[in-house]
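Student:
Next up, the structure:
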C-alpha cells in the first residue's frame, strides 16, 4: 500500500519501527506491504516513488536529522503539496494535536480527502473541532477515515464500543481518558503531594509536556470524549459544546475529604444527555478507579449492564499499534 | 428468522423477554424478525410453524407449566426430532451445562449442523469437550456456530479478543472467569468468613447452585478458558488438557498470608504456553483484581500492552443480550 507519512515524532517513529518488526506477519496474515513513498517531519519532506527504506527513516530520526536528507525528489515542497501530488493510497498523519484550529492536521486531512487518499490519523484536533463535517466529506469522497489512535493510545476503546457493543445500546459513558492527570491525582492521593509537586514529577517522568495545559485543564480528555460521543452515541458534538474543568484547583483538602468518604478524586469525562469533563469523587471500590497513568472507560449499556475496559492510554509503540489496527481494517475494507 | 429454541431456564426465558422488549429495534436497526417455530423445555416440546407467540411462552413459563401446552402440532417428539424435522434457519440452545459428555447439548448441536441450521449456544459443555471437531463440522456444513454467551455472560470477552485485538498478537490471558468463586473469595477476604460460610451465603443469594462443584472446583472457569484458548490463541484444547484446582482448600490462613504481602487470593484461569486454573495470590493494586461476582480478563498483547475488560459474568438478561449479539452477527453474515 503506497503510504504518505506525515509526522515523525514518537508516534510516527514507533509506527516505522512496527512496520519493520512486523514486516513478515503483516504480509502473511493480512496481505499488507506498506511502502512509504513520501514523508514529512517538522523540518522538511522526502519523496521516493519507489519507497523510502524504513530502516533509513528510523536511522535518520535517531540521528536527529530531517527526513528531507532521504529525498531523491524535490525537497522544496510542503506537506500539503506532498499529499496533493504524490501517488498514494493512504495518508498516515501523526502531527501534534492542536485543539484551537486543528492545524496542521485539518488541512492535511482535507487535501487527502480531496485527492481520494484513505486516512489514518492519530490526531484528536480536527476530530474534536469538526467531527461531523470531516466524516461527511470522507464518506462523500469514498475515503476511509480511521482514528483509533486518537483515543486511548493502544487500548481499543473506540473498537470496543463500535464492534463489541453494536447489538446493545450504550446509555452512558464515564471515563478516565487522560493518563497525565490520573498520574498526578494518584500521587496526590498516595503520597500527599501538592498539585504542583505532582505535576513537576509527572514532567520529570515524561508523562506531562512542558506546557501541560491540554492535559491538566481537561481539554485532552474532552477532545477524546467528543470523538467517543460522536462515534458511539451518534451525537453531533464539537469541543465547544462541552463543559470542561481541569484539576489545577484540586488541593490536599479536597483529597482528604474524598478519602474520608471512601473515595478519591478522578478527572472524569462523562456523557449521557450532556457531555462534560470534571474532577469528581468516585469510590475506591469502583473497578474503573485505576491508578497511575492508566485509562479506564465504563460503558453503561441497556442490556449487558456495565462493561469496563482498562489499558495504557499513551505510549509510542502502543499508539502505533492502533495505527496498525486501522491499517489492517482499511486493507480488509478495500478488499470488499 | 425461523428459530427453534431449546431450553427455557433463566437464559431461555430472558432471551424471550428481550425478543419482546426489542421487537421494534431489532427489526428497524438490523432487519431481524425472529419467529419461534418450535421450542422445548425439560418437560416437553411445542411446534407452531406460524410462530409461537413470545408473550405466551413467557406467560406459560411464569405459570410454571411446560411449553408443550402451547403446541398446535405433535407433542410426542424429542428435542432432537424437533431440530431434525421443523423447517428453521436457526437453533438457539440454552440447556444446562454438562462437562462430562456435553449432553444434551452435544447431540442437539450435532443434528442442527447435519440439517444445516445456524446455531447460537449459551452452553460451554460441548465447546469445552470437543471445540475443534464442532467448529470443523459446522464449517464443513456451512453452518454458522456462535457462542458468545458461553463465556462472560453479557460481557463481550470473546468479541473483544476476536474483533479488537485482531491486528495484534495475544501472548497471554489471565482471567477471573467465575463469579461464584470470586464472590466467595471476596467475602473470605473482606469479612473473614470460612470457605463453607461464604459458600452458604453465595447459595442463599443465588450465586451458587445447590451442587456448586462446577464453580467451586474450577471446572466452569476451565471450560471457559478452553473456549478462549481455542478461539483466541488458536490452541487445540479440550478440558482434560488443563490442570484444574478449585478453591475448596483455601483457608483464612492462606488469605491472611496473602494480605500480609499486599495481595489477595483469586481463582485465576491462565493461558500462555500451557493452560490452567488455580487459586493464586495477586496484588490488590492489579486492576484485574475485581471484587464480588464480577469477571475480569487481562489480555497481554505483543504490541498494545495489557488490556483488561471487566463486567458481570452471569445474569439472565445479560447472558440473553449476548445471544442477541450473536443473532445480529448471524443476520449480518447471512446477508453477505
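Residue numbers (the working numbering), protein chains in the order written: chain A, -6 to 329; chain B, -6 to 329.
For each residue, glycine too, the CB sits at the ideal point set by N, CA and C.
1) With burial defined as no fewer than 16 other Cβ atoms inside 10 Å of the residue's Cβ, what is the status of residue 140(A): buried or exposed?
2) Against chain A, with Cβ distances strictly below 7 Å, would residue 318(B) count as a contact?
3) I'd like to know whether the C-beta of residue 330(A) is nearer than 7 Å to at least one C-beta of chain B.
4) List, in chain order, every chain B residue whose beta-carbon is nearer than 9 Å to that of residue 36(A).
5) So, at 7 Å on beta carbons, what are the nonlocal neighbours of residue 311(A) in its own chain, with the 5 sequence-adjacent residues on each side left out?
6) When Cβ atoms are compared, which residues of the region 137 to 153 of chain A fall closer than 7 Å to chain B?
7) How many angstroms separate the CA atom of residue 46(B) from the CA atom of residue 285(B)?
8) On the DSSP bridge list, what partners appear for residue 34(B)?
9) Where does the unbroken beta strand (DSSP E) through residue 86(A) begin, and where does it stop?
10) Please confirm if residue 124(B) has its CB atom under 7 Å from at least one CB of chain A.
11) Any Cβ of chain A within less than 7 Å of the Cβ of residue 39(B)?
12) So residue 159(A) contacts chain B; which residues on that side make the cut at Cβ distance below 8 Å?
13) Tell me the rounded alpha-carbon separation between residue 100(B) and residue 258(B).
14) With a CB to CB cut of under 7 Å and the five nearest residues on each side skipped, what residues in its chain are close to residue 214(A)?
15) Using 7 Å as the limit for Cβ to Cβ distance, is residue 98(A) near chain D?
16) Is it buried or exposed, residue 133(B), if we count other Cβ atoms within 10 angstroms and call 16 or more buried?
17) Who are the near neighbours of residue 294(A) in its chain, counting only those whose CB is closer than 7 Å to its CB and skipping five residues on each side?
18) Going by Cα to Cα distance, which pick from 240(A), 98(A), 191(A), 8(A) is closest to residue 212(A)?
19) If you scan the region 190 to 270 of chain A from start to end, which runs of the beta strand (DSSP E) of 3 or more residues do you find wholly inside it?
20) With DSSP collapsed to three states, give me the class of residue 168(B).
21) Between residue 27(A) and chain B, is the shortest Cβ-Cβ distance under 7 Å, so that the two count as touching?
22) Is it buried or exposed for residue 6(A), if we count other Cβ within 10 angstroms and need 16 for buried?
23) Residues in the same chain with beta-carbon distance under 6 Å from residue 113(A), minus the five sequence neighbours each way, listed in chain order, please.
24) Between the region 174 to 187 of chain B and the region 216 to 231 of chain B, do three or more beta carbon pairs fall short of 8 Å?
25) Is the Cβ-Cβ distance between residue 61(B) and residue 68(B) less than 7 Å?
26) Does DSSP put residue 296(A) in a helix, in a strand, or in coil?
27) List the whole-angstrom C-beta distance separating residue 115(B) from residue 143(B), where the pair is believed to meet the contact cut-off of C-beta under 8 Å.
28) At a CB-CB cut-off below 7 Å, which residues of chain A make contact with residue 283(B)?
29) Using a threshold of 7 Å, state whether the C-beta atoms of residue 104(B) and residue 73(B) are closer than that.
30) Tell me the rounded alpha-carbon separation between residue 237(A) and residue 208(A).
31) Thinking C-alpha only, which one of 22(B), 109(B), 87(B), 122(B) is nearest residue 234(B)?
32) So which residues of chain B does residue 287(A) contact, with C-beta pairs closer than 8 Å?
33) Following the continuous alpha helix (DSSP H) through residue 51(A), name the residue where it begins and the one where it ends.
34) Taking 8 Å as the limit between beta carbons, can you name the residues of its chain near residue 51(A), skipping five residues before and five after?
35) Listed in chain order, which residues of the region 246 to 267 of chain B have Cβ atoms closer than 8 Å to some Cβ of chain A?
Tutor: If we stick to the structure as given:
1) When all chains shown are included, residue 140(A) counts as buried.
2) So yes, residue 318(B) belongs to the interface.
3) The structure shown does not extend to residue 330(A), since chain A is modelled only from -6 to 329, so the question has no answer here.
4) Going along chain B, no residue has its Cβ under 9 Å from residue 36(A), so there is no contact; the nearest lies around 28 Å.
5) The residues are 146, 147, 305.
6) The residues in question are 147, 148, 149, 152, 153.
7) Straight across, the Cα-Cα distance linking residue 46(B) with residue 285(B) is about 38 Å.
8) By DSSP's assignment, residue 34(B) forms a beta bridge with 37(B).
9) Looking at the DSSP string, the run of the beta strand (DSSP E) that includes residue 86(A) is 83 to 86.
10) Closer than 7 Å: no.
11) In terms of beta-carbon proximity, residue 39(B) stays away from the interface with chain A, with every pair separated by 7 Å or more.
12) Correct list: 318, 321.
13) For the pair residue 100(B) and residue 258(B), the Cα-to-Cα distance works out to about 38 Å.
14) Within the same chain, residue 214(A) has close Cβ partners 170, 171, 260, 262, 270.
15) Included in the structure are the protein chains A and B, with no chain D among them.
16) Exposed, because fewer than 16 other Cβ atoms sit within 10 Å of the Cβ of residue 133(B).
17) Once the five neighbours on either side are set aside, the close Cβ partners of residue 294(A) are 158, 161, 162, 163, 164, 300.
18) Answer by Cα proximity: 240(A).
19) Fully enclosed beta strand (DSSP E) runs of 3 or longer: 256 to 264.
20) Residue state for residue 168(B) is assigned as strand, using DSSP reduced to three classes.
21) Not one chain B Cβ lies under 7 Å of residue 27(A).
22) By the neighbour-count criterion, in which a residue is buried when 16 or more other Cβ atoms sit within 10 angstroms of its Cβ, residue 6(A) is buried.
23) Taken in chain order, the residues that qualify are 85, 139, 316, 319.
24) Segments in contact, no.
25) Yes. Within cutoff.
26) In this structure, residue 296(A) counts as coil in the three-state DSSP scheme.
27) A Cβ-Cβ distance of about 6 Å is found for the pair residue 115(B) and residue 143(B), placing them in contact under the 8 Å criterion.
28) Residues of chain A whose Cβ lies closer than 7 Å to the Cβ of residue 283(B) are, in chain order, 280.
29) For the pair residue 104(B) and residue 73(B), the CB atoms are nearer than the 7 Å cut-off.
30) So the two alpha carbons sit approximately 11 Å from each other.
31) Ranking the options by Cα distance to residue 234(B), first place goes to 122(B).
32) Within 8 Å Cβ-Cβ: 280.
33) For residue 51(A), the uninterrupted alpha helix (DSSP H) segment begins and ends at 47 to 55.
34) Taken in chain order, the residues that qualify are 6, 9, 10, 13.
35) Flagged: no residues at all.
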